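In the numbering used here, the protein residues as written are 174 to 299. No residue lacks a Cβ here, since even glycine has one placed at the ideal position from N, Cα and C. Given the structure is predicted, the values throughout are model-derived calculations rather than measurements.
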């Protein structure tokens, strides 16, 4: 069974990759995040197409660094667990509204539930 790690090849790095994915199809929208996806673009030679993740967590929506970091950790972990079942596309999760004041534990729980639901809506790889 392949390991469910999140290597650098499974992440979006360049602004151009983010731009293409954000202009792509919107797959889901929830209380916190919007999930957009597009066909993989700009793959290095010899690299197979796979699900790749990008995150946009704006400071204006999550003012505290600890909040932004917690959200990113939760998103990465959720993606790490399901990336091998997802179709090979570039996915971007974007925070789209202000995060209400709450404990980090409650925020992580709500965010994980929503992120898992978004990725579950994507048709699994066959």
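Excluding residues up to 5 positions away in sequence, 228 and 230 lie with their Cβ nearer than 8 Å to the Cβ of residue 245 in the same chain. Judged by DSSP in its simplified three-state form, residue 206 adopts strand. Sorting 234, 261, 242 and 259 by C-alpha distance to the C-alpha of residue 278 places 242 at the top. The straight-line gap separating the alpha-carbon atoms of residue 195 and residue 235 is approximately 20 Å.
For residue 253, the enclosing alpha helix (DSSP H) covers residues 238–255. For residue 294, the enclosing alpha helix (DSSP H) starts and ends at 277–294. Of the other Cβ atoms in all chains shown, fewer than 16 fall within 10 Å of the Cβ of residue 182; this residue is therefore exposed.
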